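Step one of this worksheet: look at the structure below.
Protein chains: 2
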Amino acid sequence: MIVVIEDSGATGLEADRGLVTRKSTAERVAGVLRNRIAEGFFLPGGRLSEQDIGNALGVSRNTLREAFRLLTHERLLAHELNRGVFVRIPSVEDVVDIYRVRKIIECAAVRGVRAKPASFARIKEKVEIGDEAARTGNWKDLGTANVWFHQELAALSGSERVNELVGRLTAELRLVFHIMAEPRRFHERYLPRNHEILDRIEAGDGPGAEQLLMKYLEDAEEQLVGAYADRAEAARAAVAAAE
Amino acid sequence: MIVVIEDSGATGLEADRGLVTRKSTAERVAGVLRNRIAEGFFLPGGRLSEQDIGNALGVSRNTLREAFRLLTHERLLAHELNRGVFVRIPSVEDVVDIYRVRKIIECAAVRGVRAKPASFARIKEKVEIGDEAARTGNWKDLGTANVWFHQELAALSGSERVNELVGRLTAELRLVFHIMAEPRRFHERYLPRNHEILDRIEAGDGPGAEQLLMKYLEDAEEQLVGAYADRAEAARAAVAAAE
DNA sequence: CGGTAGGGATTGTTGAACAATTCCACAAGA
DNA sequence: TCTTGTGGAATTGTTCAACAATCCCTACCG
Chain A
1 MIVVIEDSGA
11 TGLEADRGLV
21 TRKSTAERVA
31 GVLRNRIAEG
41 FFLPGGRLSE
51 QDIGNALGVS
61 RNTLREAFRL
71 LTHERLLAHE
81 LNRGVFVRIP
91 SVEDVVDIYR
101 VRKIIECAAV
111 RGVRAKPASF
121 ARIKEKVEIG
131 DEAARTGNWK
141 DLGTANVWFH
151 QELAALSGSE
161 RVNELVGRLT
171 AELRLVFHIM
181 AEPRRFHERY
191 LPRNHEILDR
201 IEAGDGPGAE
211 QLLMKYLEDA
221 EEQLVGAYAD
231 RAEAARAAVA
241 AAE
Chain B
1001 MIVVIEDSGA
1011 TGLEADRGLV
1021 TRKSTAERVA
1031 GVLRNRIAEG
1041 FFLPGGRLSE
1051 QDIGNALGVS
1061 RNTLREAFRL
1071 LTHERLLAHE
1081 LNRGVFVRIP
1091 SVEDVVDIYR
1101 VRKIIECAAV
1111 RGVRAKPASF
1121 ARIKEKVEIG
1131 DEAARTGNWK
1141 DLGTANVWFH
1151 QELAALSGSE
1161 RVNELVGRLT
1171 AELRLVFHIM
1181 AEPRRFHERY
1191 LPRNHEILDR
1201 IEAGDGPGAE
1211 QLLMKYLEDA
1221 EEQLVGAYAD
1231 RAEAARAAVA
1241 AAE
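Order-wise, the sequence lines are chains A and B. For reference, each letter of the first sequence is one residue, going 1 to 243 in my numbering. For reference, each letter of the second sequence is one residue, going 1001 to 1243 in my numbering.
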């Protein structure tokens, strides 16, 4: 007798696909570097030496260069011919453009919600994580919780491509925050507004939530752009001096 | 006396930066392959052998693999570990998702137009190119003109990232059209609606244009999805038989 | 007929090698 | 003093050859 394991979906096996799907070393190296950049180990403007990192990670230059390619496409690294790869320094124009896209994407996603008390649990969860982080004074977690909150908002659109896009945008935003150098107060300020937006969503009031979110994004952008110009120049100078 | 060439921006020198910035061979190779895929030389589902293409183009395997990475990130190629790279076969879910994003992006861009008779010339130009192509029976040009038209619509948002995103989406759509195998009638059908949308835009009626565009995209998606299911399976079978 | 064990082909990854380019310091000249 | 060459060292760009890992196909065997 032959027993066929059916792909019924009820088994939840698909969730483990990520464990089965082996990744190439280049992708794993890219993952390591991505984390390092996100956590600020590699600072914006810094150069990533092929030799040093290749030796440190124990991979060949060719493989490492493949990893660099991946991250360059995610706008985390900037590749300059014959000069090497650098952690990107987002310009003010980048910040403005990032928020332009966020307004389009996130607002559209939120606008579409209807009074279905279905799966807003994930959003609520992220809001609560943010609250908890603020309560315990864990500013680092607060920042990431906020990012997750917005990713969940975008996920309301139910589009794989939108999720990927937002993921890249937020990764890029992390670079901006590293330049800002004081993200503590920045994120904390928007905590209560997360609740307001969540309330509207749970009430099925899409347009209302959109209105709040739009104002939210406009304020954040304005604050960011304002605090940015000085810092960016300072960071550039610091890097130039260090190198 | 010392004369300093200032970076005043009025010189327009930055515009020529693209001419100075040389491209790596990997990028040039990627460009060649991208064109080949777009024009249907490499059909969806086909495998791209490292050895063959490397020899044909006179580049090493390492360089070629870098090019493959680039195109994989653009969703034109699919990379399967230890099996090689294949021209992607977009699934029906991909088509639906692509149109989901297009609705969000293009509609948002169009919605924002105001009664500024400023720079709609570029859009009008693309519409006329489409008309001309239809008149002379040049179906291939008609398709690309239509793509350009929508790219111009998206460009109304004024966002570099949006432009890049739609560029990738339309490249992916070209793969879908190659599976469809009869794009002639498909594009022709929507020509008059281009004019309607353009009229609303020129009148500064953003919401009106958005409404038309939304219906346009919904119809196109429906037609595409309908004609797709059969074709996709047939193409898959054909490829399996040929290999 | 189904399972399995080879063997050939292709990809994954490495290391070395050389060319091309950039960077830096230092000297020469106005 | 400032600019302008000019070396050499360091780094990247690219190729090549080699080997391991994996996949695919076929032939064999129960």
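The beta carbon of each residue, even a glycine, is placed where N, CA and C say it ideally should be. All values reported here derive from a predicted model rather than from experimental measurement.
Among the options, which residue has its Cα nearest to the Cα of residue i?
i: Y1190 (chain B); options: B:E1218, B:L1033, B:L1048; result: B:E1218
i: L1142 (chain B); options: B:R1200, B:N1055, B:E1128, B:E1152; result: B:E1128
i: A56 (chain A); options: A:V29, A:V95, A:H73; result: A:V29
i: R1120 (chain B); options: B:R1135, B:F1177, B:Q1151; result: It should be pointed out that residue 1120 (chain B) corresponds to Phe in this sequence rather than to Arg. Here the closest residue by C-alpha is B:Q1151.
i: R174 (chain A); options: A:E27, A:N35, A:S24; result: A:N35
i: L70 (chain A); options: A:K126, A:A203, A:L198, A:G31; result: A:G31
i: H1187 (chain B); options: B:T1025, B:W1139, B:G1058; result: B:W1139
i: A26 (chain A); options: A:N62, A:D199, A:E50; result: A:N62
i: K1023 (chain B); options: A:G58, A:P90, A:G208, A:H79; result: A:H79
i: E1222 (chain B); options: B:I1037, B:R1184, B:E1093; result: B:E1093
i: R1185 (chain B); options: B:A1220, B:M1214, B:L1033, B:E1172; result: B:A1220
i: T72 (chain A); options: A:G226, A:F177, A:A171; result: A:A171
i: V176 (chain A); options: A:F41, A:I89, A:G226, A:G58; result: A:I89
Excluding five sequence neighbours on each side, which residues of the same chain lie with their C-beta closer than 8 Å to the C-beta of residue i?
i: G1112 (chain B); result: L1156, S1157, G1206
i: E1039 (chain B); result: none
Counting contacts by CB-CB distance shorter than 9 Å, is residue i in contact with chain B?
i: A209 (chain A); result: no
i: K23 (chain A); result: yes
i: D131 (chain A); result: no
i: H150 (chain A); result: no
i: I89 (chain A); result: no
i: E222 (chain A); result: no
i: V101 (chain A); result: yes
i: H187 (chain A); result: no
i: L165 (chain A); result: yes
i: L153 (chain A); result: no
Beta-carbon separation of residue i and residue j under 9 Å?
i: L1064 (chain B); j: I1053 (chain B); result: yes
i: I179 (chain A); j: Y228 (chain A); result: yes
i: D97 (chain A); j: R1161 (chain B); result: yes
i: V257 (chain A); j: G130 (chain A); result: Past the edges of chain A, shown from 1 to 243, lies residue 257 (chain A), and the structure says nothing about it.
i: I197 (chain A); j: L153 (chain A); result: yes
i: I1104 (chain B); j: S159 (chain A); result: yes
i: L81 (chain A); j: F68 (chain A); result: no
i: E1066 (chain B); j: E50 (chain A); result: no
i: G204 (chain A); j: R114 (chain A); result: yes
i: A1145 (chain B); j: K1124 (chain B); result: no
Near residue i, which residues of its chain fall below 6 Å by C-beta distance, leaving aside the five closest residues on each side in sequence?
i: G84 (chain A); result: R47
i: L1224 (chain B); result: V1095
i: H195 (chain A); result: none
i: Y216 (chain A); result: R193
i: R1168 (chain B); result: E1074
i: E1210 (chain B); result: C1107, V1110, R1111
i: N163 (chain A); result: A155
Answer with yes or no whether the minimum CB distance from residue i to chain A is below 9 Å.
i: I1179 (chain B); result: no
i: N1035 (chain B); result: no
i: E1062 (chain B); result: The residue you asked about is not Glu; residue 1062 (chain B) is Asn in the sequence shown. Cβ-Cβ to chain A under 9 Å: yes for N1062 (chain B).
i: E1160 (chain B); result: yes
i: R1114 (chain B); result: no
i: D1007 (chain B); result: Summary for D1007 (chain B): the model assigns pLDDT 40, below 50, so the residue's position carries little reliability; its value from the coordinates is reported in the next sentence. It does not: the Cβ of D1007 (chain B) has no partner Cβ on chain A nearer than 9 Å.
Grab me the residues of residue i's own chain with a C-beta within less than 7 Å of its C-beta, minus the 5 sequence neighbours each way, in chain order.
i: A134 (chain A); result: L142, E188, L191
i: R200 (chain A); result: G208, A209, L212
i: T136 (chain A); result: none
i: R1102 (chain B); result: L1169, L1217
i: I37 (chain A); result: L76, V87
Subject >> In chain order, each alpha helix (DSSP H) run of at least 4 residues that lies wholly inside the region 73-133 of chain A >> reply: 92-111
**OP:** Could you name each continuous alpha helix (DSSP H) segment of 4 residues or more that falls completely within the region 1144-1199 of chain B, going from the start of the chain to the end?
**Re:** 1160-1180, 1183-1188
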